[in-house]
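So the sequence lines, in the order shown, correspond to chains A and B. Mapped onto this note's numbering, the consecutive letters of the first sequence carry residue numbers 17 to 157. Mapped onto this note's numbering, the consecutive letters of the second sequence carry residue numbers 11 to 108. Each residue gets a CB set at the ideal place from its N, CA and C atoms; glycine is no exception. Heads up, the thing below is written out as structure tokens.
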Amino acid sequence: MRDFILKRAAALILPFIFVYGIYVILHGAVSPGGSFAGGIIVGLSFVAFATIYGIEKGKAKLPEQVLVWTESYGTLWYGLMGMVGLGRGVPFLANKLAGVDLGTPGTLASGGLIPLIGLGVGIRVASTIVTLFFTMMEEES
Amino acid sequence: MRFRNLCFLALALLVAYVAIMTVAELPPYGRPDNPVHNQVAERYIDGALTETGALNMVTAIVLDYRAYDTMFETIVLFTATLAVVITLKTGKGGGREQ
Numbered sequence: 017m018r019d020f021i022l023k024r025a026a027a028l029i030l031p032f033i034f035v036y037g038i039y040v041i042l043h044g045a046v047s048p049g050g051s052f053a054g055g056i057i058v059g060l061s062f063v064a065f066a067t068i069y070g071i072e073k074g075k076a077k078l079p080e081q082v083l084v085w086t087e088s089y090g091t092l093w094y095g096l097m098g099m100v101g102l103g104r105g106v107p108f109l110a111n112k113l114a115g116v117d118l119g120t121p122g123t124l125a126s127g128g129l130i131p132l133i134g135l136g137v138g139i140r141v142a143s144t145i146v147t148l149f150f151t152m153m154e155e156e157s
Numbered sequence: 011m012r013f014r015n016l017c018f019l020a021l022a023l024l025v026a027y028v029a030i031m032t033v034a035e036l037p038p039y040g041r042p043d044n045p046v047h048n049q050v051a052e053r054y055i056d057g058a059l060t061e062t063g064a065l066n067m068v069t070a071i072v073l074d075y076r077a078y079d080t081m082f083e084t085i086v087l088f089t090a091t092l093a094v095v096i097t098l099k100t101g102k103g104g105g106r107e108q
């Protein structure tokens with residue numbers, strides 16, 4: 017697509033969409049939203065970029081090596097966060113039982129392991145959306 | 011063939027009858043003494059803030075009480091991506107050379 021107005025408008029809006037997605041992921045324990053919704057927003061910002069500026073520029077922005085890495089290690093990060101519980105001698109994926117500091121409810125660092133686990137889920141969801149989109153666009157062309 | 015169609019019709023009516031009778035047996039929506047309002051929901055509502063420290067109760071359930079479930083949800087996402095990539099990936103352009 018080679019529309020000048022669309023490109024300029026996307027250049028203004030897309031960075032804010034991306035940052036807003038990261039905001040939703042990190043504030044999953046405090047505000048409505050969460051890691052699944054935030055991951056979708058981050059992934060869709062890349063999908064919109066690749067739709068407007070062309071699939072080649074989209075792939076240059078997010079190379080395949082990065083996608084392979086995030087696809088593979090998002091769930092592993094989740095599992096590592098679960099191992100914190102096992103290391104303290106309590107069940108897998110335990111949060112308060114593992115003695116993690118829960119913080120003050122309402123602040124960004126509250127919830128113990130919840131923001132860290134949510135970060136892994138958000139990365140997984142975003143990379144899933146982008147990988148599916150790139151693969152299907154590649155098939156089409 | 012006509013007899014077979016009649017058999018299928020009778021079978022479909024039987025299934026519909028059973029489904030409608032099952033729905034008719036359900037308790038009315040929103041009554042406080044329904045079986046879904048048990049101690050699990052009360053525990054989540056009362057203890058989500060003190061036990062997880064998260065204001066958002068949905069996140070507290072998804073990422074703390076039911077974290078094991080969410081972990082396998084991410085594995086389901088991984089499997090779906092894997093299936094699509096295996097089916098549709100053409101091999102030309104990007105990726106490691108064979």
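Here S126 of chain A carries a coil assignment [DSSP, helix/strand/coil].
With a threshold of 16 other beta carbon atoms within 10 Å, P131 of chain A meets it and is buried. When Cβ-Cβ separations below 8 Å define contact, D56 of chain B makes no contact with chain A. An exposed status is given to I21 of chain A, since fewer than 16 other beta-carbon atoms sit within 10 Å of its beta-carbon. The Cβ of A27 of chain A sits no closer than 8 Å to any Cβ of chain B.
Here the alpha carbon of P107 of chain A sits roughly 17 Å from the alpha carbon of V72 of chain B. Between R140 of chain A and chain B, the shortest Cβ-Cβ separation is below 8 Å.
Here K23 of chain A is near I68 of chain A, since their CB atoms are less than 8 Å apart. With a threshold of 16 other beta carbon atoms within 10 Å, G103 of chain A falls short and is exposed. In the three-state reduction of the DSSP assignment, D56 of chain B falls in the helix class, which pools H, G and I.
With its beta carbon less than 8 Å from one in chain A, A64 of chain B belongs to the interface. In its chain, beyond the 5 residues on either side, M67 and A70 have a beta carbon closer than 6 Å to the beta carbon of A58 of chain B.
In this structure, the alpha-carbon of Y39 of chain A lies about 10 Å from that of I57 of chain A. Interface annotation, I56 of chain A: not in contact with chain B, CB-CB separation never under 8 Å. Rounded to the nearest whole angstrom, the C-alpha separation of H43 of chain A and A53 of chain A is 11 Å.
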